[in-house]
Amino acid sequence: MSIIAEHANTFIILACLFGFFMAWGVGANDVANAMGTSVGSKAITIKQAIIIAVIFEFLGAWLAGGAVTETIRKGIIDPAALQHDPQLLIYGMLASLLAAGTWLLIASMKGWPVSTTHSIVGAIVGFALAGLGIDAVGWAKVGQIAASWVVSPLLSGVIAFTLFKSVQHLIFESHDPFAAAKRYVPFYVLLVGFAICMVTLTKGLKHLGLNLGFGTNLLLSVLFGLGMMALGGWMERRVQAGSRQTDHFGFTGVERVFGVLMIFTACAMAFAHGSNDVANAVGPLAAVISVVEHGGTIGASALVPWWVLVLGGGGIVVGLVTYGHKVIATVGTGITELTPSRGFAATLAAALTVVLASGTGLPISTTHTLVGAVLGVGLARGMTALNLRVIGTIAMSWLITLPAGAGLAILFFFMFKGIFG
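Each residue of the sequence shown is one higher than the last, beginning at 27 in our numbering.
The following block contains the structure:
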């Protein structure tokens, strides 16, 4: 206990620095892939994407990032294993933040879209194995998270494939694509409104204590979708038909309609992402602050001070502005060529997958969901539309995320134990 009291300020300062570093990694890697489809389809410029993400990610992290967070994210470690030696939790969380942040830095420099959740989960598993032994890890929970590698991209890929095929069949292959767009796009707007509202209510605002229940969320989302459908119908009457472009799917007026929709989906995804994934950085940070302030007592959850959420939101913003362009390029242009209609199908599929997962309790990764959706859209145009080399690199980076996080965490855990222990 004396170790915690003796180094209390050092632990808190290190936790804040590493928490900011981890949040930087979330911004550089995760936020970038949420914006990749909008930039890759040229619906918005990279500058506009950064402005949208800066505003909505920060608002999501600060307003809805969670006043209370689980001290040990996702129930990976049994808290009972730490009761007799609470400083191990401090070393472990510091090591986990530094390990996950380091791996995200490496991945972002290479332009690999990896999962921030898997990075921190891998790191916590590594520390638990090194400091507490194999029995302290909830392997069933870890298995569930690992299963999301397959479930997330598969589910979103199928939805994106179906959505884009429907757009292709109903609009682009019709006799008059522009007239068909005016007829069918309001229904896609209804879907967008529904998905945006459900993602915001189930992921974005759940931390504010708005436990409205699934039925109420569903009703509000349908009403919001109908409202957006009416607004979309009014807005699209102002869009003029354009001339055909060289791309035979392209039709300027039609693509412009989808470009407007992309802006809505980008804002909603950024808000939901900021509120949900800021916990990957502030969860371990809040755990360290809680243990230090309570003199070594480990609770099941920790109160997150408002300034910690601001620190997390700030880190996300700095990460996106400084390094986000690399992952944006991979997701937006590396996997397959995107137009606003394809980007729209991919983003909407990712949002719908997040909604399905929230409703059914499936653990999913935002990154894997979005990459799977982009793959689905590319596949709808045939295998030749996909860049298989880039896809292979992404798959490899996903496979090594958990072990990389774990290995780095074990290294840093023993380093902190040696310095303070």
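All residues carry an ideal CB built from backbone N, CA and C; glycine is no exception.
Starting from residue i, trace the alpha helix (DSSP H) in both directions and tell me its first and last residue.
i, result
"Ile409", "In the sequence as presented, Ile is not what sits at residue 409; that position holds Met. Premise fails: Met409 is in no alpha helix (DSSP H) and is neither H nor E."
"Arg263", "Careful: Arg263 lies outside any alpha helix (DSSP H) and carries neither H nor E."
"Lys208", "Pro203 to Val225"
"Thr392", "Thr392 to Leu405"
"Trp50", "Ala34 to Gly51"
"His195", "Looking at the DSSP string, His195 is not in any alpha helix (DSSP H), and its letter there is neither H nor E."
"Asn59", "Ala58 to Gly66"
"His351", "Trp332 to Ala355"
"Ser122", "Gln113 to Lys136"
"Ile150", "Thr142 to Gly157"
Please classify residue i: is it buried, with 16 or more other beta-carbons within 10 angstroms of its beta-carbon, or exposed?
i, result
"Lys208", "buried"
"Asp202", "exposed"
"Asn35", "exposed"
"Phe275", "Confidence at Phe275 is low in this model, with a pLDDT of 45, below 50, so its placement is unreliable and no value can be given for it."
"Phe240", "exposed"
"Met422", "exposed"
"Thr228", "buried"
"Leu414", "exposed"
"Thr379", "buried"
"Leu472", "In this structure the chain extends from 27 to 447, so residue 472 is not present and cannot be described."
"Leu245", "exposed"
"Arg368", "buried"
"Met409", "exposed"
"Ala205", "exposed"
"Met135", "exposed"
"Glu281", "buried"
"Ile197", "buried"
"Ile39", "exposed"
"Ile445", "exposed"
"His110", "exposed"
"Gly418", "exposed"
"Gly309", "buried"
So, using beta-carbon positions, are residue i and residue j closer together than 8 Å?
i, j, result
"Ala49", "Gly345", "yes"
"Ala107", "Ala166", "no"
"Thr142", "Val52", "yes"
"Ile390", "Ser174", "yes"
"Leu124", "Phe440", "no"
"Val357", "Thr63", "yes"
"Ala121", "Ile354", "no"
"Ile30", "Val215", "no"
"Ile70", "Ala292", "yes"
"Val177", "Leu388", "yes"
"Val168", "Ile102", "yes"
"Pro366", "Ser67", "yes"
"Phe84", "Val343", "yes"
"Ile146", "Ala172", "no"
"Gly148", "Ala411", "no"
"Asp104", "Gly159", "no"
"His299", "Thr392", "yes"
"Leu180", "Gly398", "yes"
"Gly86", "Phe297", "yes"
"Cys42", "Leu434", "no"
"Ala307", "Gly341", "yes"
"Ala54", "Gly350", "yes"
Contact the stretch 253-263 vs the stretch 331-351: 3+ CB pairs below 8 Å: no
Please confirm if the stretch 369-388 is in contact with the stretch 281-288, defined as three or more CB-CB distances below 8 Å between the two stretches. yes
Does the stretch 148-157 come close enough to the stretch 60-75 that 3 or more CB-CB pairs lie under 8 Å? no
If contact is defined by three or more beta carbon pairs under 8 Å, each pair taking one atom from either stretch, is the stretch 188-202 in contact with the stretch 402-409? yes
Would you call the stretch 215-224 in contact with the stretch 190-200, where contact means no fewer than 3 C-beta pairs closer than 8 Å? no
With three or more C-beta pairs closer than 8 Å as the rule, is the stretch 424-432 touching the stretch 132-151? By the Cβ rule, the stretch 132-151 counts as touching the stretch 424-432, because three or more pairs are nearer than 8 Å.
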